[in-house]
Amino acid sequence: MSAGPGPDDEVDLVDLVVIGAGPGGESLANQAAAAGLAVVVIDRHLVGGECPYYGCIPSKMMVRAADTLAEAHRAGQLAGEVTVVPSWAPVATRVSDEATDGWDDKVAVERLQKAGATVHHGVGRLDGVRRVVVAQADGSPDRT
């Protein structure tokens, strides 16, 4: 991010801009900031990317729940009678509360900030040589 064209533009001079804070971008930003570089991270949604909020982690919790139901059905063959009533509600609660923290990336953002990075939720785009503009996620004007 570099000098903007007008006096009202907010400008940050930094060493590194990371657009996209999925696992790779988050790791790069964390390491670069910890090494003392001035780092800005821009992500349009959740720091950490798809895996912790929608993909890998929630799907593993769902598969584990299904496996547990399947195993419970076998209890009658192995150890006695059981009644199993499948319910999506406990799975959805676990995904929301334990895996995604209600789809809130506060912990991931704080981890980057603790390393020394600045985090912006928005859409980053190249806007010239050594210049990145961020359209804020809340719809407010671009930031340079």
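Every position in the sequence shown, counted from 1, becomes a number in our numbering once 287 is added. Even glycine gets a Cβ: it sits at the ideal position worked out from N, Cα and C.
Strand pairing of residue i, partner residues [DSSP]
i, result
"VAL350", "DSSP, once it has assigned bridges, lists no residue as partnering VAL350."
"ILE274", "Since the first and last residues shown for the chain are 288 and 431, residue 274 lies out of range."
"ARG412", "VAL420"
Where residue i sits in the DSSP three-state scheme
i, result
"ARG381", "helix"
"VAL420", "strand"
"LEU315", "helix"
"THR355", "helix"
"PRO373", "coil"
"GLU397", "helix"
"GLY335", "coil"
"GLY323", "coil"
"TYR340", "helix"
"GLY363", "helix"
Integer Cβ distance of residue i from residue j, believed to fall under 8 Å
i, j, result
"ILE329", "VAL421", "5 Å"
"LEU399", "VAL406", "5 Å"
"PRO310", "CYS338", "6 Å"
Separation of residue j from residue i, as counted between CA atoms
i, j, result
"ALA325", "LEU303", "6 Å"
"THR355", "PRO345", "15 Å"
"GLY342", "SER314", "18 Å"
"GLY307", "ALA353", "33 Å"
"ARG412", "ARG331", "11 Å"
"ASP384", "ALA319", "31 Å"
"ALA322", "GLY403", "9 Å"
"GLY336", "GLN364", "43 Å"
"ALA357", "VAL350", "10 Å"
"TRP390", "VAL371", "30 Å"
"PRO377", "LYS347", "14 Å"
"ARG361", "TRP375", "20 Å"
Neighbour-count burial assignment, residue i, 16 or more Cβ in a 10 Å radius
i, result
"LEU333", "buried"
"THR387", "buried"
"VAL305", "buried"
"VAL298", "exposed"
Interface flag, residue i vs chain D, CB-CB below 8 Å
i, result
"GLY367", "No chain D appears in the structure shown, which is made up of a single protein chain."
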